[in-house]
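What follows is one structure encoded as structure tokens, with my remarks underneath.
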Amino acid sequence: MKLNKISEHVWVYPYEERRDRPNLSYIHGDNWNLVVDAGHSEEHTKEFYKALEDEGFALPDLTVITHWHWDHTLGMHAVHGLTISNEKTREYLLDLKQRIEKEGPQFFFEWDERIREEYKDGKEVVVTLPDMTFSGEMNFNLGNCRVRIFQAEAPHTDDSTLIEVPEDRLLILGDCTGGVFPDWTVDQALADKLAETIEKINPEICLPGHWTPLSKEIIVDDLRNGEG
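The sequence shown maps to residues 1 to 228 in our numbering.
Right, here's the structure in full:
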């Protein structure tokens, strides 16, 4: 699988449904490189890094986590550079780490058949905590490329972090537009709040966690009409 360029500064390693692997985004600046999400496993992360190297890109200096869910975080122990999440995400990861250490991973495998598919070869489930945390928002200048990471109210989880690349008018959403696992129920009030947040930013490109890039209009319309 190869990287896809979706804007001036952003490339994406595409999602895969079979193993519930999300998009992994690479934001390239003149001085630094930032990745969004760490992947479902060490194998996933290493495949992504191989794609970066094939394109002549340096490995990331910083990886930002959009939310605590396993498919976005369980590759963290294999990440190059530092990882960062919001404080709530760290709390969830700590809870998952402690539970697996106490009970073993079997309960985790029972959550979803795509987890079992990712880990069917017997590889170890490793939960790692982020190197850094933030609250509210943070801003970075990667070198002629600004990145803003910020917490947002959203229907998928209560620890959602969004990533804006203002020069590219691009917004990386993670899974924040979806419902709550495992029945995918959507709180319409939260969906409406997220729609308002996106409308205020007014991006040209929105990247969901498990889909191709979409326009702001499509994302907002889906949120307003309960189709997140």
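Even glycine gets a Cβ: it sits at the ideal position worked out from N, Cα and C.
Query raised in the report: Buried or exposed: Pro60, going by 16 or more other Cβ atoms within 10 Å of its Cβ?
Result: So Pro60 ends up on the buried side.
**Report entry** Nearest to Gly29 (by Cα), restricted to the options Tyr92, Ala58 and Val64
**Finding:** Ala58
Query raised in the report: Given that a residue counts as buried once 16 or more other Cβ atoms are within 10 Å of its Cβ, and exposed if not, what is Gly75?
Result: buried
Requested in this report: Please classify Ile21: does DSSP put it in a helix, a strand, or coil?
Outcome: In the sequence as presented, Ile is not what sits at residue 21; that position holds Arg. Residue state, collapsed to three classes: strand.
Query - Inter-residue spacing [alpha-carbon to alpha-carbon] between Lys120 and Asn144 - result: 43 Å
Query - Among Arg146, Val165, Glu118 and Glu91, nearest to Ser135 - alpha-carbon criterion - result: Glu91
Report task. Kindly give me the distance between the Cβ atoms of Lys97 and Val127, rounded to whole angstroms, as I take these residues to be in contact under 8 Å. Result -> A Cβ-Cβ separation of about 4 Å places Lys97 in contact with Val127 under the 8 Å criterion.
Query raised in the report: Nearest-angstrom Cα distance between Leu142 and Tyr26?
Result: 12 Å
Query raised in the report: In three-state DSSP terms, what is Glu12?
Result: Strictly speaking, residue 12 in this sequence is Val, with Glu absent from that position. Reduced to three states, the DSSP call for Val12 is strand.
Query - Cβ neighbours of Ala152 in the same chain (closer than 7 Å, five flanking residues each side left out) - result: Ser160, Leu162, Cys176, Leu194 and Thr197
**Report entry** Burial state of Glu17, where buried means 16 or more other Cβ atoms lie within 10 Å
**Finding:** exposed
Query raised in the report: What span of residues does the alpha helix (DSSP H) with Thr197 cover, start to end?
Result: Gln188 to Ile201
Report task. Answer with buried or exposed for Ala189, where buried requires no fewer than 16 other C-beta atoms within 10 angstroms of its C-beta. Result -> Its Cβ having fewer than 16 others within 10 Å, Ala189 is exposed.
Query raised in the report: What separation, rounded to the nearest whole angstrom, lies between the Cα atoms of Lys123 and Ala38?
Result: 17 Å
Query raised in the report: In chain order, what residues of the same chain have a beta carbon less than 6 Å from the beta carbon of Asp112, not counting five sequence neighbours either side?
Result: Nothing meets the Cβ criterion.
Query raised in the report: Per the contact definition of three or more C-beta pairs closer than 8 Å, is the segment 67 to 81 in contact with the segment 35 to 49?
Result: yes
**Report entry** Rounded Cβ spacing between Gly179 and Thr66 (contact assumed at less than 8 Å)
**Finding:** Not really, about 16 Å apart at Cβ, beyond 8 Å.
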